[in-house]
Each structure stands twice: as C-alpha cells, then as structure tokens.
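Have a look at the structure below, then the notes.
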Amino acid sequence: MTVREFPRLTRGVAAVSAGLFVLALVMAPAALAADQPKYGGTLVFAVPKDPPSFDGHRENTFALIHPVAPHYSLLIKFDQWKYPKIVGDVAESWTTSKDKKTYTFKIRKGIKWHDGSTLTARDVKATYDKIIFPPPGVTSVRKGSYTMVTKVEAPDDQTVVFKLKWAAPSLLANLASPWNFLYKATILAKDPHWYEKNIMGTGPFKFESYVPGSHWIGTKNEDYFVKGRPYLDGYKAIFIKATSARVASIRGGRAFIEFRGFSPAGRDDIVKTLGNKAKVQQGPWLCYLSVAINNGMKPFNDVRVRKALTLALDRWEASETLSAIAIIKPVGGVMRPGSEYAATEAELTKLAGFGKDIKASRKEARSLLKAAGVPAGYEFTFKNRDLPMPYEPMGIWLVDQWRKIGLNVTHKVEEKGPFFSDRKKGNFQTIMDWSCDFMDEPDLQLYKFLSHGKSGSNYSRYTDKTLDDLYVKQSKAKSKKERRKLVRQFEKRVLDEKVYTFPTLWWFKINPHWAKVKGWKQLPSHYLNQDLRDVWLAEK
Amino acid sequence: MQRYIFKRFLLMIPTLLGVAVFVFLLMRVIPGDIVEIKFTSEGGFVTEEVLAQERARIGLDKPIWQQFASWIWGIMRLDFGTSMWTGRPISHEIGIRIQLSLEIAILATMVAILIAIPLGTLAALKQDTWVDYFIRVFSIAGLSIPSFWLGILIILFLLINFHWVPPMFFTPIWVDPWENLSQMIWPAAAVGYRYSAVSTRMMRSSTLEVLREDYVRTARAKGLWERVVIIRHAMKNAMLPVITVIGLEFAFLIGGLVVTEQVFNLNGLGKLLVQSIAQRDYTMTQTLVMLVAVTFVLVNFVIDILYAWLDPRIRYQ
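Line by line, the protein sequences are chains A and B. Note that the working numbering numbers the first sequence so that position 217 is 217, with each residue one more than the last. Note that the working numbering numbers the second sequence so that position 88 is 88, with each residue one more than the last.
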C-alpha cells in the first residue's frame, strides 16, 4: 500500500462505516419492532405420539407434557432464559429455614382456575400430597424423588410449607418438575383419578378439545395471572407418528415446530425447503445412550472384560462422525457434560474409555481381555431397540468398535416387546440402555446406577453397597462442593473401577422450526419449557 | 335362499370364537409388558413398586383364565372394556377412527372399481393389441409398487412442486368436504391404484374366459348388439371372481393400511392396531383383531350371498 493510497482507503472505510451507521439507525426501529412480541395467532406444532392419560403425576412421557403443560401452572419452574435457575410460577417467593429442613412458599393472590374459582395454598398442598403420598390405587410415578419430605402444610390460603427429614439439595429442582401440574383440591378430594381424563388448571391456555390420535386444541386463558400473557390466541398440537410425516408437516407449513427434535437429515430437509424462513436451535440434550452389561454372566462378571469394552470405544471421534447423521454428540460421564455436577474434560479423560489416546486404550483393552482369558474373536451379542434414531447408528458403531479389539459381536435388533422383556429379565449379554431426565440433578441421574433391586432401571444386575451409600451421601451433602466431590467418586466407581455399565454418547437436541415462532428457547430437556406462556408468532 | 343364508350365518360363530381364543393366547405368548414399555421407554426415575401397582391396576396380576373370561363376557355384551394404555373406552377409540378407515376404504374401492372394470374389460376386448399391452403394463406396475411408497412419492411431488402437503388431521366430509377430500384423495389414489391392479388383471382374464363361453356365442348368434352381449351376458358373469377380490380387499383396507396411514398421518384403525400391538395393549389389540375378523367374516358372508344371487347353481348345491 502506498502513502497516497492510504488516506483514500481510510476515507472509503469511513464513508462505508458512516453509511452503515445511518442504515443501522434507520433499520433499528424495524429490527426492534420485529422482536416486539405480537399478540394473536395459533401455534401449530407436531407431537410424535398421544398422551396415555392427562395426569402429569402418573405419566413420564413428553407426549403428555407437550400438549397438556400449557393448561397448567407449577409451584416453581425452571427459567427458560437462565436455565437451571428456578423462578416462581404460582409461588411469588420462598424461604428456607436455617437447617434447610423447612421450605416456605408464598402463593400469589388472585390466581384463577379455568372455571373461575381461586387457587389457594390448599390446592398446592393437595397436589403435592397426591404426588408424594398418593392414596391407595393412585399412581405417582416420581414419588420416589420426594422421600425426604415428611409433610406438606397449608397454614393459610397463601402459604405452603414443606417439612423435610433431612436437608435435601435436590428438593427445589424436584418441586420445579414440569410434571407437577397444580390440581384443584376439591376435585382431588372427590376423585383422585379425575385428572387422568379431564383438564382443569390455572395455566395460560384453557382446554378446548382432544381427538385421540389426531389433535389437541387449547385456547387463550384471558384470566391468566401473568399480566399480558399468553401472546397466542391458542395452540393446536397435531399427533404425527411417522418422522417423515412430521418433517413434511413442517416443510409444508402444516405445523410450525416440533419440540422434541429432529435428526440432522430432518433438519437439513426443513432448512432446505424453508430457507430463511427456518430457524434452528440445537444443543446438548439431557439424555444418553449406554451399554448395559450383564454382570452376572460369564465372562462379563469379570471387571477386566467390562473395562475392555469401554476402552475400545473412541468416543471423541464418534462425537464428530456420528453427530453428522444422528442425534448424539457430547462425550460425558454420568452427568450431562457442561452441567453443574458434570466431570470436566480433564476429569473425564482420566476415566477408562474416555481418554483421547485410542491406540493406548485399545492396547490396554486387548491385554485385559487376554488376562481375563477371553480369546481373540470371542463372540457375543449386543441387543438393540428397533428404533432408527439414535439407537441404530449407535449399535452399528459399537459393534465396529468392539471388532477393533478382536471381539466378534452380533448386533441383534429386537422389537419393543421382546427388547423390554429381555432387558428386564437379564436375557442378554450386552444390551442398549438409555436415560432421559427433565433436569440436571444427581439424585435423578445417579439413581439408575444403584444396586439391582434398589433401582428399577439398573439392568446391568449388579449390587454395590458402596455406590448405594455414596448416592445417599451426595443426596444429603451440605455444600455443592462436597456434593460434586461425592458425584465424582460415584462416577469413578461406576465407570472406571467397576465398569458395571457405561455411557456411550449424550444426545444432541436439534429443533428446526419456522422462524416466525418466537419466545421459545430450547433447553437441555424436551420436558421443560412447554407451557407456551411466552411464545408468540411474528406472522400469523 | 333363506336356508342358505341361515347356514352361512351360523358358520360365522365358531370362526369368531376361534379367532378370539387364538388372539388372546397369542398376545400372552409374545414377550413384552405394557407397564414396562409405558413407564421405562423414556428412561427416568421409576420404582419397582410403581410398576407393580400399575400391573395390578390394569388387571395383569389376575390369572389368565380370569382375564379371558372377563374379556369374552364383555365382548358378548358388546362391552369392549377400556384400553390398557389410555384407560379410555375401546369403543370410543375405535369410534373416532372407524369413520376415516371406512371412508378411505370406500374411496380406494371406488378408485379401484373405476379403473379396474373398464380397463380389465377393454384389455380383454382388445386382447394382444397395444391397448391390452398398455393396460397390462399399467396394472403390473400397480402390483409392483407398494402403496405407501407411492404415497411418499405423492407427498414429495406435492411438497417440491407446490410447497403443499395434505392436511395432517381428519375433517369429516360433512364438516368441510374440500378439506376432507384434500386429505383423503391422495391416499385413496395411492391405495386404489394398487387395489385396481389386482382387479384389472382378474377382470381381464375372467372376461376373456367368459367371452369364449357358449352362451356368449349364442347371444351373438341371436343377433344381439355387441354392447348388450358384453354388458348383459359377459360382464355379469365375468364379475364373479372380481367381486371376491374387491370384497376381500375392502375388508383388508379397514385395518390393513398401516404404513400408508403413517405416511399420510391418517388416524385410522390400521395405525391404532399396530400401535396397540407394539404397546402390548392387550384389550385394544384383541378387540381390533376381533373387529377385523368380524369384518372379514361379514364380507365373506355378503360375497357368498352375492354369489348365490349371481349364480343360482350355488344356492341349489
């Protein structure tokens, strides 16, 4: 650049900058207006299946949450903009006693049920009594998460008190569970099963109609207690089982979003069709695929063999390659990578099978197999679910990884019925396992690893009192630091010392949708943030 | 004729009883537990106590004979019970879907008849000409192409060329005929084409056979118009095997369009049946299989009566 050219260039840059500045000033109001929530419109979204019943306390499928959650309020909830921060929903504030064994919640005044009556603390108490101490014949699927609660009291109309046996760090998160819809005390007193087939809530949308297998319609609750919400006039959830039909429904504008998520191919199809009318939200998902090993069966009762199986896996490479075709990506231990109690990468890479030197890991795996007396070419079976995403690619990948340490594995894909039966009865050598939760909370994620019999989802069939004790200790830990340390000990014992079972990759959530859908933020769980309170449509 | 109908009607009873026993036992033999599938499919925190409580709630803790007796007693009173999966009355679940299934079956049958009978007859009349060859290729293509695949092609064609896909949920024809047809016409065309292929070939070979019969020659010798010979003498007789095919296909369409229903997101009985089998919803599956069996038995019954009406020799035998 010459001296003469420099000032000319500077002048040019200055002119362009000034132009851009003026343009920005002109465009700013339009851009701001575009981000200003608009009222009206009906959000149409696809749901892959129907809810079995309408009662959030007894079900644990997202198929219930997505169409039903907009009808209900919670006591407290996760803040969609600052997850995992917890904020009040019907609770306007809460306090904790010094010994952390008493939680007192103040309930907002003037909250109306959809029938016009007023919500009081008695309704909150009745709801939590049903969840924690269900009457005979009433199923509360998550009551095991509240074993620390001794009593729920409602001393007056605006106060609810939870009394605990011990200080439990997980209590607040459990109370913010998206399943804990608030139900009306008088209805529950008459019939605790009423909510299985009926809707009566205080949420942003009232129930209008449901046609099983077809659709669910909700309309705006004009008396909703949050001023100015909801923005939408209503919503329509369409039940579409086939993935290809769900993708087509969004491409063709019959639905604007599907909250659970699509595969990378589905995302690409939608983006290709919609172009700049599409928006993609994607991020880590609070679900993972794991390998359950039958610890009671030879040669898998030998820790060396189990360790060899995890050492064979090149998770870091798979994270790159498999994520291009399947909804799996993050490498993690027993807690979701990046979450509060998760292992850091430095901690993780010290665990068997999570190191980055795959050659060394596989060399170690081969020597462990040899030491355990497992011959080269040893044959065994890996059983898998008949679901293409993400089970099938993961199964194929596992078989290939094990082949690389000289094992000859048959990939047996089973229909749902036999698969669940085999997994439950221990009729397998190795089998695909998985876990999905609604929040990052060690009490939930570690439960799976408790001894067989204590945990309903320990399919690896081992008993380990040390793990059970560690679980209780972390659950009662006095500080986050102490809890984190205990979770690390727990993780090291499960994944490195005993290798009873091991995660492969964590899921990766992909939500492509119409860009006109605003006010919905993808969170790590597909169970959260589904009340549609803040959702609005930029175009109707 | 009445005696014939009565005898045929009585024969339906042991057939249906056999189906009831068979489907009940089959569902219990195949592995799978509805409670396990329902509560552990998505992982999460579920205790053994909850699973046991749910099994008891839907009556799976009772002895098998008791479960069978209770179900069959209900069926006899036309009380199909409740779905183990949803807890809703089975009659309600079926009622919602049967209208769509019937409509798609009727539309597809109409498409098939409209294609098959004229084309089959024409192919026979123009045997070994280019018309015949074209119709044969058209019908063989219909046999070779699965209807769900054709359905996928139709959807992609509409999506790529018109940025449009058919509606994703059912609107009854009396509520909005246009909306209804804009959803139903595509699967009806996809299914009807395959359905017509079988019938076209059947119609062609049957007509060819009939055209060589003595009574057709006699009709021509009498000096009847060719149109009268074909329509009154040949087609009526050629229709016998075609009616059988159309009837059986119609019964199949009521509960058999599993994949096509998924492709077009049709809330029909086929989808419900497969879903209930996958979920091990015993009561729902048993009732749906019984419904399909009743449909088949009834359609066969009607076909037999039609046969007897079209060919008096059958009822005299």
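Note that beta-carbon positions come from the ideal geometry of N, C-alpha and C, so glycine has one too.
### Query
Of all the CB atoms in chain B, is at least one closer than 8 Å to the CB of residue 32 of chain A?
To locate residue 32 of chain A, count along the first sequence from 1; it is residue 32. Only weak support is given to the placement of residue 32 of chain A: the predicted model assigns it a pLDDT of 49, under 50, and the value that follows is read from those uncertain coordinates. Among the residues facing chain B, residue 32 of chain A is not included, as its CB has no counterpart in that chain under 8 Å away.
#### Entry: Supposed close pair residue 85 of chain B, residue 38 of chain B - CB separation, criterion 8 Å
As a first step, residue 85 of chain B is located in the second sequence; it is residue number 85 there, counting from the start. As a first step, residue 38 of chain B is located in the second sequence; it is residue number 38 there, counting from the start. Confirmed, about 7 Å.
### Query
Per DSSP, residue 290 of chain A forms a beta bridge with which residues?
Taking the first residue of the first sequence as 1, we reach residue 290 of chain A at position 290. Beta bridge pairing from DSSP links residue 290 of chain A with A:433, A:503.
#### Entry: Exposure of residue 155 of chain B, with buried meaning 16 or more beta-carbon neighbours within 10 Å
Reading the second sequence from its first residue, position 155 is the one you call residue 155 of chain B. By the Cβ neighbour-count rule, residue 155 of chain B is buried, with 16 or more other Cβ atoms within 10 Å of its own.
### Query
In whole angstroms, what is the alpha-carbon distance linking residue 455 of chain A and residue 464 of chain A?
For the purposes of this step, residue 455 of chain A is taken as residue 455 along the first sequence, with counting starting at 1. For the purposes of this step, residue 464 of chain A is taken as residue 464 along the first sequence, with counting starting at 1. Each residue's CA atom was taken as its position, placing residue 455 of chain A and residue 464 of chain A some 12 Å apart.
### Query
Can you pull the DSSP bridge partners for residue 380 of chain A?
Within the first sequence, numbered from 1, the residue matching residue 380 of chain A stands at position 380. Answer is A:409.
### Query
Is it right to say residue 410 of chain A is buried, meaning 16 or more other beta carbons lie within 10 angstroms of its own, or is it exposed?
By 1-based counting over the first sequence, the position of residue 410 of chain A is 410. In the assembly as shown, residue 410 of chain A is an exposed residue. Its beta-carbon has fewer than 16 other beta-carbons within 10 Å.
### Query
Helix, strand or coil: how does DSSP classify residue 249 of chain A here?
Sequence index remark: in the first sequence, residue 249 of chain A carries index 249 (1-based). Secondary structure at residue 249 of chain A: helix, using DSSP grouped into helix, strand and coil.
### Query
How big is the Cα-Cα spacing for residue 273 of chain A and residue 112 of chain B?
As a first step, residue 273 of chain A is located in the first sequence; it is residue number 273 there, counting from the start. As a first step, residue 112 of chain B is located in the second sequence; it is residue number 112 there, counting from the start. Roughly 34 Å separates the two Cα atoms.
### Message
I'd like to know whether the C-beta atoms of residue 595 of chain A and residue 302 of chain A end up nearer to each other than 8 Å.
### Response
Any question about residue 595 of chain A goes unanswered here, given that chain A covers just 1 to 540.
#### Entry: Neighbouring residues, chain B, relative to residue 196 of chain A (Cβ below 8 Å)
The count along the first sequence starts at 1 and reaches residue 196 of chain A at position 196. The answer, in chain order, is 87.
### Task
Express the C-alpha separation of residue 95 of chain B and residue 500 of chain A in angstroms, rounding to a whole number.
Within the first sequence, numbered from 1, the residue matching residue 500 of chain A stands at position 500. Within the second sequence, numbered from 1, the residue matching residue 95 of chain B stands at position 95. Straight-line Cα distance between these residues: approximately 49 Å.
### Beta-carbon gap between residue 527 of chain A and residue 438 of chain A smaller than 8 Å
Mapped onto the first sequence, residue 527 of chain A falls at position 527. Mapped onto the first sequence, residue 438 of chain A falls at position 438. At a Cβ-Cβ threshold of 8 Å, residue 527 of chain A and residue 438 of chain A count as neighbours.
### Query
Span of the alpha helix (DSSP H) holding residue 133 of chain B?
Here residue 133 of chain B is taken as the residue at index 133 of the second sequence, counted from 1. 130-144 is the span of the alpha helix (DSSP H), which, as asked, contains residue 133 of chain B.
### Query
What's the gap between the Cα of residue 313 of chain B and the Cα of residue 304 of chain B?
Sequence index remark: in the second sequence, residue 313 of chain B carries index 313 (1-based). Sequence index remark: in the second sequence, residue 304 of chain B carries index 304 (1-based). If I take the Cα positions, the gap works out to 12 Å.
### Message
At the 8 Å Cβ level, is residue 258 of chain B part of the contact set with chain A, yes or no?
### Response
Here the question's residue 258 of chain B lines up with position 258 in the second sequence. Contact with chain A is absent for residue 258 of chain B, since none of that chain's Cβ atoms lies less than 8 Å from the residue's Cβ.
### Query
What is the DSSP secondary structure of residue 385 of chain A, counted as helix, strand or coil?
Sequence index remark: in the first sequence, residue 385 of chain A carries index 385 (1-based). Under the three-state reduction of DSSP output, residue 385 of chain A falls in the strand class.
### Message
Considering Cα atoms alone, identify which of A:246, A:93, A:181, A:237 is closest to residue 124 of chain A.
### Response
Locating residue 124 of chain A in the first sequence gives position 124, counting from the first residue. Ranking the options by Cα distance to residue 124 of chain A, first place goes to A:181.
### Message
Does residue 168 of chain B come out as helix, strand or coil in the three-state DSSP assignment?
### Response
Position 168 of the second sequence, counting from 1, holds the residue named residue 168 of chain B. In the structure shown, the three-state DSSP call for residue 168 of chain B is coil.
### Query
Which two residues bound the contiguous beta strand (DSSP E) that contains residue 161 of chain A?
Sequence index remark: in the first sequence, residue 161 of chain A carries index 161 (1-based). Counting along the chain, the beta strand (DSSP E) containing residue 161 of chain A begins and ends at 159-164.
### Query
From what residue to what residue does the beta strand (DSSP E) around residue 154 of chain A run?
Translated into positions along the first sequence, residue 154 of chain A becomes position 154. Start and end: 149-156.
### Task
Measure the alpha-carbon distance for residue 481 of chain A versus residue 23 of chain B and round it to whole angstroms.
As a first step, residue 481 of chain A is located in the first sequence; it is residue number 481 there, counting from the start. As a first step, residue 23 of chain B is located in the second sequence; it is residue number 23 there, counting from the start. Going by the C-alpha atoms only, they are around 58 Å apart.
### Same chain, Cβ closer than 8 Å to residue 255 of chain A, five either side skipped, listed in chain order
Against the first sequence, residue 255 of chain A aligns to sequence position 255. Residues 44, 45, 46, 238, 240, 246, 249 of the same chain have their beta carbon placed closer than 8 Å to that of residue 255 of chain A, with the five preceding and five following residues left out of the count.
### Query
Quick one: what does DSSP say residue 334 of chain A is sitting in, helix, strand or coil?
Against the first sequence, residue 334 of chain A aligns to sequence position 334. Here DSSP, grouped into helix, strand and coil, assigns residue 334 of chain A to coil.
### Task
Mind checking who residue 511 of chain A pairs with in its DSSP beta bridge?
Position 511 of the first sequence, counting from 1, holds the residue named residue 511 of chain A. Its beta-bridge partners are A:281.
### Message
Just to confirm my understanding: we take residue 306 of chain B, look at its own chain, exclude 5 residues before and 5 after, and list those with CB closer than 7 Å. What are they?
### Response
By 1-based counting over the second sequence, the position of residue 306 of chain B is 306. Here the set comprises 243.
### Query
Taking DSSP as the reference, what is the three-state secondary structure of residue 32 of chain A?
One-based indexing of the first sequence puts residue 32 of chain A at position 32. Per-residue confidence for residue 32 of chain A stands at a pLDDT of 49, beneath the threshold of 50, marking its modelled position as unreliable; no derived number is given.
### Task
Using 10 angstroms around the beta-carbon of residue 105 of chain B, count the other beta-carbons present and answer buried if the total reaches 16, otherwise exposed.
Within the second sequence, residue 105 of chain B is the residue found at index 105, counting from 1. Buried: at least 16 other Cβ atoms inside 10 Å.
### Task
Tell me whether residue 118 of chain B is buried or exposed, calling it buried when 16 or more other Cβ atoms sit within 10 Å of its Cβ.
Numbered from its first residue, the second sequence carries residue 118 of chain B at position 118. So residue 118 of chain B counts as exposed.
### Query
Of all the options B:176, B:157, B:195, which has the alpha carbon lying nearest to the alpha carbon of residue 110 of chain B?
Numbered from its first residue, the second sequence carries residue 110 of chain B at position 110. If we check each option's Cα against that of residue 110 of chain B, B:195 comes out closest.
### Message
When you compare the CB of residue 434 of chain A with every CB in chain B, is at least one pair closer than 8 Å?
### Response
The sequence position of residue 434 of chain A within the first sequence is 434, counting from 1. Nearest CB-CB separation between residue 434 of chain A and chain B: below the 8 Å threshold.
### Outcome for residue 77 of chain A when other beta-carbon atoms lying within 10 angstroms are tallied against a minimum of 16
If you number the first sequence from 1, residue 77 of chain A lands on position 77. Its Cβ being crowded by 16 or more others within 10 Å, residue 77 of chain A is buried.
### Query
Applying a beta-carbon distance threshold of less than 9 Å, which residues of chain B neighbour residue 184 of chain A?
Numbered from its first residue, the first sequence carries residue 184 of chain A at position 184. Under the 9 Å cutoff, chain B gives no residues; its nearest Cβ is about 20 Å from residue 184 of chain A.
### Query
Helix, strand or coil for residue 4 of chain B per DSSP?
Numbered from 1 along the second sequence, position 4 holds the residue referred to as residue 4 of chain B. It is helical.
### Query
For chain A, is any of its Cβ atoms less than 8 Å away from the one on residue 164 of chain B?
In the second sequence, counting from the first residue as 1, residue 164 of chain B sits at position 164. Chain A contact via Cβ: present.
### Message
Quick check on the DSSP output: the alpha helix (DSSP H) that includes residue 346 of chain A runs from which residue to which?
### Response
Counting from 1 along the first sequence, the entry for residue 346 of chain A is found at position 346. It spans 345-348 - the alpha helix (DSSP H) in which residue 346 of chain A sits, taken as one unbroken run.
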